[in-house]
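Down below is the structure, laid out as structure tokens.
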Amino acid sequence: MFIVKYIKEVYSAIKSLLVGMKRTGYYFTHHKEIITEEYPDNRHTMVLPDRFKGEVVMPHNEKNEHRCTGCTACELACPNGTIKVITKFDITAEGKKKKAIDKLVYHLELCTMCNLCIIACPSDAIVMAQTFEHSVFDRSKLTKVLNNPDSKIMEGIE
Amino acid sequence: MWSFSNISSSIHHWLNESFSPTWAMIIEMVIAGVCIIGLFATLGLVLVLMERRVAAWMQIRLGPNRVGPKGLLQSAADTLKLLVKEGLTPNGADKFLFNFAPFIAMMVAMLLMAPIAFAKDFQLWDLNIGVLYISAVSSIMVISILMAGWASNNKYSLMGAMRSGAQIVSYELSAGFSILTIVVFTGSLNFNEIILSQTNGWWIFKGHLPAIISFVIFIIAVTAETNRAPFDLAEAESELTAGFHTEYSGMKFALFFLAEYINVFIVCAIGATLFLGGWMPFQIGNWQAFNHAMDYIPSSIWFFGKTFFLIFLIMWFRWTFPRLRIDQLLNLEWKYLLPISMLNLLLATALAILGWHF
Amino acid sequence: MNGSTIIFYLLASFTLVSAVLAVTTRQIFRAAIFLLFTLIGVAGLYFWMQYDFIAAVQIVVYVGGITVLIIFSIFLTQQAGDLLPKQKMSRQLFAALASFCGFALIMLQVYQHTFIGNATQALPPTVANIGNKMLGVDDDGYALPFEVVSILLLAALVGCIVIAMRSKPEENIIKQ
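Chains as they are written, first to last, in the numbering used here: chain B, 1 to 158; chain L, 1001 to 1358; chain P, 2001 to 2176.
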């Protein structure tokens, strides 16, 4: 019947209206639910979710050692040429030549935080950090060298 | 006791004693004009801030909280910004109409203030046909929007103006019908008589179901008439940048912005007068002690309290629902609101003839 | 000359000036807006005479209804920023002559007609009085003309629906 359908429509319209207004009314009266982060004020207490990706860093241990073998897997994985691995040959104690990184250059201004390099890395040498205040006055400051000066590869990483 | 009507009558007496009647009249007009402009400015500041805070809280946000204590000076800062902004007139625009349209919006808003009773015996113009006057003058409102839309010589503006024209012209009908329900109950178009008829109870309680239905329809229709979400198709930021006021900036934009809030205030004042008893205090039957306590609250506070309650209701409405499409909007009016309000008017007339309301 | 007369002349000149502007402007939208001002001026004259109801109805019908309709048809057919073509001199002259003739006819009628004074007191133009007169069935009621006008309106409504109703495409094919 047309009339029944019409009345049903009006009824469901009013019902959905009330449901919606109940929800917003709940939020209006419950200020504890507010999710706004007052950023510059709470920068010391702010908690970022785990999956937030700020920039690529290379962790070093206390002996200034990192885990990067210089395999260039990250460089190959990067879709927009953000990472450039510059390798050198170290002379080991036995007098053999061994491939190692000289510099791992990271262009933050090109990076889209896509996480592909982290996935590609076979030795988990690089990770995503949670820093996000990246603005600087000079673009050249965004080109970073990830390995510390005079750092070495960790023992036992091939 | 301190009240608006005492103040106004003492000013009236003093002026008539000190000046000739003509001059007293002119001075009274000037005072009334200044008061209205002052009211507009305060309303603009208060309502914009209220809207932003209410919107923020309903959307689990904080809202403006930086300028001044708790963000109370935010709208003052906005006004200052709009004052110093350059008011551009686009090159291909019809300059005269483009600059004139915002003033029409403000003039109509001012004219609409005339018959509203702000407190007991405090009214600018006790018009015999108050309700009809309001619905007549508010129909000029659409002209300013159409004018702004055409004169901007911009397709977005034109689309916005056409949408708002269609919208206002259609929703005027159901707004009119819901007002008529109360007119049928009272048998008068005069605002004062309508308020006095609610001495023993407001129409929304006295009028049973028809009054409640017409109240709901009234709120929906006036939300559409004032071009506010979910019926803000005339501006529709995501589709038409800003609709009819796309090309406006600075003070001319501010006038449109102000006119929107003034109109919200006016329609809520009318709604409060018709359905919630205007400045009439809330009274329950024969409960004398309670009624006396209610009588002690000044009538102006009752009026503004009810009006702001309705404004809050409209804001609640606005920040809950997404925007309608133009066909949904017209469907809602012509297929649902109009038939329902016609039937409702019949029902109300039957009730009024049989005398079944209290 | 008191304040009331000054207000009358202000309103009258406002009405006349916007009427002249409405017919002389070459932008069609401006013509519509000046027509609107003319109608508002007439409504103002009614307010000045304290015929509040007539004034409000004038605004509802002419300003809220007819002018909005005219503006809508302008929106749908015209381009913003275009000027209308200049009218020929002969046409302008003829139009001026025609309007003058109409004016003269009306004024002649007004001056020659002897208005019969009525002994009874004029009714105050309140809504209740107007309503009682309009639907009154006794000697001085206007129920019959009122109903005739309503039938005219009903016919117009039915006509609108007939025009607006589109027949379904299948039916057209069958007819052909």
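Every residue, glycine too, gets a C-beta built ideally from N, C-alpha and C. Computed from a prediction, not measured in an experiment: that's the story for all the values here.
Residue i (DSSP reduced to helix, strand or coil)
i          : result
Met160(B)  : No information on residue 160(B) is available, as it lies outside the stretch 1 to 158 that chain B covers here.
Thr87(B)   : strand
Asp2052(P) : helix
Gln2027(P) : coil
Met1(B)    : coil
Asp1327(L) : helix
Gln1198(L) : coil
Val2137(P) : coil
Leu1351(L) : helix
Ala77(B)   : helix
Gln2079(P) : coil
Leu1127(L) : coil
Glu38(B)   : coil
Met154(B)  : coil
Met2107(P) : helix
Met128(B)  : strand
Val2057(P) : helix
Chain L within 8 Å of residue i, Cβ atoms only
i          : result
Thr21(B)   : First, the amino acid is wrong: residue 21(B) is Met here, not Thr. Chain L, which has a Cβ nearer than 8 Å to the Cβ of Met21(B), makes this yes.
Phe35(B)   : Residue identity check: residue 35(B) is Ile in the sequence provided, not Phe. Yes - at least one Cβ of chain L is within 8 Å of the one on Ile35(B).
Val2042(P) : no
Leu2036(P) : yes
Phe2(B)    : no
Gly2131(P) : no
Thr45(B)   : no
Tyr39(B)   : no
Ile2161(P) : no
Phe2053(P) : yes
His31(B)   : yes
Val2127(P) : yes
Val10(B)   : yes
Neighbour flag for residue i against chain P, beta carbons, 8 Å
i          : result
Val1108(L) : no
Met1280(L) : no
Ser1249(L) : no
His1197(L) : Residue 1197(L) is actually Ser in this sequence, not His. Not one chain P Cβ lies under 8 Å of Ser1197(L).
Ile1270(L) : no
Trp1150(L) : yes
Gly1165(L) : yes
Leu1189(L) : yes
Leu1329(L) : no
Leu1097(L) : yes
Chain L residues whose Cβ lies nearer than 7 Å to that of residue i
i          : result
Ala2056(P) : Ile1129, Leu1132, Tyr1133 and Ala1136
Thr24(B)   : Met1058, Trp1316, Trp1319 and Thr1320
Contacts of residue i in chain L (Cβ-Cβ under 9 Å)
i        : result
His60(B) : Here the premise fails: no neighbours, minimum Cβ distance about 40 Å.
Tyr27(B) : Trp1057, Met1058, Gln1059 and Ile1060
Thr87(B) : Neighbours of Thr87(B) on chain L: none; closest Cβ ~51 Å, over 9 Å.
Residue i: contacting residues in chain P (beta-carbon distance under 8 Å)
i          : result
Ile1143(L) : Ile2033, Leu2036, Val2063, Thr2067, Val2068 and Ile2071
Ile1116(L) : Those do not exist, as Ile1116(L) stays about 16 Å from chain P at its closest Cβ, beyond 8 Å.
Nearest neighbour of residue i, chosen from the options [CA to CA]
i          : options                                           : result
Arg1228(L) : Glu1247(L), Val1267(L), Leu1196(L) and Phe1205(L) : Val1267(L)
Ser1138(L) : Leu2157(P), Cys2101(P), Gly2065(P) and Met2134(P) : Gly2065(P)
Glu1051(L) : Arg1325(L), Leu1338(L), Ile1311(L) and Gly1278(L) : Ile1311(L)
Trp2048(P) : Arg2030(P), Met2107(P), Gln2112(P) and Tyr2009(P) : Tyr2009(P)
Ala1109(L) : Ala1136(L), Phe1122(L), Ser1299(L) and Pro1090(L) : Ala1136(L)
Asp1126(L) : Ala1272(L), Met1147(L) and Phe1191(L)             : Phe1191(L)
Gln2027(P) : Phe2034(P), Leu2083(P), Ala2143(P) and Cys2160(P) : Leu2083(P)
Gly1071(L) : Arg1163(L), Lys1085(L) and Arg1053(L)             : Arg1053(L)
Leu1049(L) : Leu1313(L), Leu1097(L) and Tyr1261(L)             : Tyr1261(L)
Ile1301(L) : Leu1146(L), Met1029(L), Gly1277(L) and Ser1341(L) : Gly1277(L)
Thr75(B)   : Pro59(B), Ile101(B) and Lys53(B)                  : In the sequence as displayed, the identity of residue 75(B) is Glu instead of Thr. Minimum Cα distance to Glu75(B) is reached at Ile101(B).
Leu116(B)  : Asp138(B), Val145(B), Ile83(B) and Phe89(B)       : Ile83(B)
Interface residues of chain P facing residue i [CB-CB closer than 9 Å]
i          : result
Met1162(L) : Phe2072, Phe2075 and Leu2076
Closer than 8 Å at the beta carbon, the chain L residues around residue i
i          : result
Val2060(P) : Leu1132, Ser1135, Ala1136 and Ser1139
Neighbouring residues, chain P, relative to residue i (Cβ below 7 Å)
i          : result
Val1169(L) : Val2068
Thr1022(L) : Gly2003
Met1147(L) : Ile2033
(request) Give the residues from the segment 1308-1326 of chain L that approach chain B closer than 8 Å (Cβ to any Cβ), ordered along the chain. (result) Listed by position along the chain: Trp1316, Phe1317, Trp1319, Thr1320 and Phe1321.
(request) Please name the residues in the segment 1331-1345 of chain L whose beta-carbon is closer than 8 Å to at least one beta-carbon of chain B, in chain order. (result) The residues in question are Tyr1336 and Ile1340.
(request) Compile a chain-ordered list of the residues in the segment 2003-2037 of chain P whose CB is closer than 8 Å to at least one CB of chain L. (result) Gly2003, Gln2027, Phe2029, Arg2030, Ile2033 and Leu2036
(message) So if I threshold CB-CB distances at 9 Å, which residues from the segment 1199-1223 of chain L count as touching chain P?
(response) Within the segment 1199-1223 of chain L, no residue has a Cβ that lies closer than 9 Å to any Cβ of chain P.
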